[in-house]
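Written below as structure tokens is the structure these notes are about.
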Amino acid sequence: MIIGYRNMKRIKHQTTVLACCVLAAIFFFPIFWMVLTSFKTELQAIQSPPLFFFEPTLENFSIIQERSDYTKYALNSIITSLGATLLALVIAVPSAYSMAFFSRSIYQRYLALDALN
Amino acid sequence: MKINLYKVLQAPSIILLLLWMIVPLSMTLYFSFQRYHLLYPERSGFVGLSNYDFFLTDPALGVSVLNTLTLVGGVIFISVILGLGISLLLQEAFRGRGIIRILLISPFFIMPTVNALIWKNMFMNPVYGLFAYVSEIFGLPVINWLAELPLLSIIIMLSWQWTPFALLIFMTSLQSMDQEQIEAAEIEGAGFWAKFRYLTIPHLGRAIGVVVMIQAIFHLGVFAEIYVTTGGGPGHDSTNTTWLIFKQALLGFDVGVASAGGVFAIIIANIIAFFLIKTVAKGMEK
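Keeping their order, the protein sequence lines are chains A and B.
Using the working numbering, the letters of the first sequence map in sequence onto residues 1 to 117.
Using the working numbering, the letters of the second sequence map in sequence onto residues 118 to 403.
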């Protein structure tokens, strides 16, 4: 059977799209599974075979609030990450700028231009 | 005038980096020649090279260095190959490509401890993990991943997290590729491999260099994943140099030996960095 050039191209396109979807599903699956497990009860979470369909519960979200000061910890994470980024930017941007535009070494210039990009 | 501005703009970063480098480094060097054991604070003083002797004759050292290199090499190899492949696939334009991209990059935004917990509890657990379930379906023997293949387990976790990083860098780099050049090559009859070998790889040279360098920096100090999952075990099967130093300092309470280990790790990191920067710089000058 002879497949036309156009058909060939279409098949190639469709295979590529399919491969992308499968890969994305594989890479995202652990995160999806984590989210799904967060709605399970303790017993459902360790059930074998694993449950895909179950009655969701919000129990875990209230338990974690009871056991720890979760909002505070989350806020701590946000403050440290934003603060560190801000501080690093304040110090690094002028330096990268001056390396990119005033430096004579090609290596330094490329490195800084890359960083600025 | 220009020279002055140049210096003023660079001064804060250079001074800060120097301080951040010199102070901890000199303290580590100082402690590495001292007896400094947290349980015997009264026994202190200069001990010469005995800390180094103790650390370098540790039977776990050879294993840990080998583990570190396997970890760094393995993760970089897997993430660069996968990242390259997926970024090439994603060059094809189709509807919903944005969502696919986000899904593919999302693992990079998971915290290392959470990453390790997901894999440890939900996938690699021999009783209720998904891997165990899947291998049971196919009638294969159930693997207790963290006990039997601890280093491979950690490589899998890290690769899952860092492939998106490589993918992100390669994707942005591929977007700046000259489309006319590719078309010209296609008209000349270049197939996929010819285009890949003579257009894509040279274009991505610098991006690959950057990915390898940044990943090497991060993976030389992998800690969270080991702490959460295997704890360096079983035996020393998943102990890397960072973990060995941690064990000396905080589980063995011996700051002196841990500092000697730190100096040793710095030397290793510098040897690797020397070759890496040389290759990356070579790629940049082209």
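No residue lacks a Cβ here, since even glycine has one placed at the ideal position from N, Cα and C.
Given the structure is predicted, the values throughout are model-derived calculations rather than measurements.
{"query": "Distance between residue 294 of chain B and residue 148 of chain B (C-alpha atoms, nearest Å)", "result": "51 Å"}
{"query": "Secondary structure of residue 101 of chain A, DSSP reduced to three states", "result": "helix"}
{"query": "Per DSSP, the bridge partner or partners of residue 151 of chain B", "result": "B:163"}
{"query": "Range covered by the alpha helix (DSSP H) that runs through residue 29 of chain A", "result": "5-38"}
{"query": "C-alpha distance - residue 117 of chain A paired with residue 311 of chain B, whole-angstrom precision", "result": "Its pLDDT being 46, under 50, residue 117 of chain A is placed unreliably in this model, and the value from its coordinates should be taken loosely. So the alpha carbons of these two residues sit roughly 29 Å apart."}
{"query": "Cβ-based contacts, 8 Å cut-off: residues of the stretch 26-39 of chain A near chain B", "result": "27, 28, 30, 31, 33, 34, 37"}
{"query": "Reduced DSSP category for residue 170 of chain B - H, G, I as helix; E, B as strand; rest coil", "result": "helix"}
{"query": "Buried/exposed call for residue 136 of chain B, threshold 16 Cβ in 10 Å", "result": "exposed"}
{"query": "Cβ shell of residue 347 of chain B (< 6 Å), same chain only, five flanking positions each side left out", "result": "263, 267, 355"}
{"query": "Beta-carbon gap between residue 24 of chain A and residue 217 of chain B smaller than 8 Å", "result": "yes"}
{"query": "Span separating the alpha-carbon of residue 55 of chain A from that of residue 38 of chain A", "result": "12 Å"}
{"query": "Where the alpha helix (DSSP H) containing residue 296 of chain B begins and where it ends", "result": "296-304"}
{"query": "Burial state of residue 85 of chain A, where buried means 16 or more other Cβ atoms lie within 10 Å", "result": "exposed"}
{"query": "Residue 211 of chain B versus residue 16 of chain A: straight-line alpha-carbon distance, rounded", "result": "10 Å"}
{"query": "Bounding residues of the alpha helix (DSSP H) (the contiguous stretch that carries residue 270 of chain B)", "result": "267-292"}
{"query": "Buried versus exposed call for residue 76 of chain A [16 or more other C-beta atoms within 10 Å across all chains shown]", "result": "exposed"}
{"query": "Spatially closest choice to residue 136 of chain A from B:323, B:215, B:128, B:307, by CA coordinates", "result": "Any question about residue 136 of chain A goes unanswered here, given that chain A covers just 1 to 117."}
{"query": "Any chain A beta carbon closer than 8 Å to residue 244 of chain B", "result": "yes"}
{"query": "Pair within 8 Å by beta-carbon distance, residue 275 of chain B and residue 182 of chain B", "result": "no"}
{"query": "Segment contact flag, the stretch 295-306 of chain B with the stretch 240-253 of chain B, C-beta cutoff 8 Å, min 3 pairs", "result": "no"}
{"query": "Residue 359 of chain B, buried or exposed, once every other Cβ within 10 Å from all chains shown has been counted against 16", "result": "buried"}
{"query": "Contact set between residue 48 of chain A and chain B, taken where Cβ atoms lie within less than 9 Å", "result": "244, 245, 246, 249, 250, 253"}
{"query": "Contact between the stretch 360-378 of chain B and the stretch 173-192 of chain B (3+ Cβ pairs under 8 Å)", "result": "yes"}
{"query": "For residue 334 of chain B, the nearest candidate out of B:308, B:390, B:221, B:235 (CA to CA)", "result": "B:390"}
{"query": "Environment of residue 121 of chain A [buried if 16+ CB atoms lie within 10 Å]", "result": "Lying outside 1 to 117, the shown extent of chain A, residue 121 of chain A is not represented and no answer is given."}
{"query": "Where residue 117 of chain A falls: helix, strand or coil (DSSP)", "result": "Since pLDDT at residue 117 of chain A reaches only 46, below the 50 mark, its modelled position is unreliable, and the value read off the structure follows with that caveat. Coil at residue 117 of chain A, not helix or strand."}
{"query": "Buried/exposed call for residue 321 of chain B, threshold 16 Cβ in 10 Å", "result": "buried"}
{"query": "Beta carbon of residue 27 of chain A nearer than 8 Å to that of residue 224 of chain B", "result": "yes"}
{"query": "Residue 169 of chain B burial status per 10 Å Cβ neighbour count (16 or more: buried)", "result": "buried"}
{"query": "C-alpha gap between residue 166 of chain B and residue 191 of chain B, whole angstroms", "result": "34 Å"}
{"query": "CB contact below 8 Å: residue 124 of chain A versus chain B", "result": "Only positions 1 to 117 of chain A appear in the structure, and residue 124 of chain A is not among them; the question remains open."}
{"query": "Contact set between residue 98 of chain A and chain B, taken where Cβ atoms lie within less than 9 Å", "result": "122, 123, 124, 125, 126, 127"}
{"query": "Under 8 Å by beta carbon: chain A residues contacting residue 207 of chain B", "result": "20"}
{"query": "Test item: CB-CB of residue 365 of chain B and residue 350 of chain B under 8 Å", "result": "no"}
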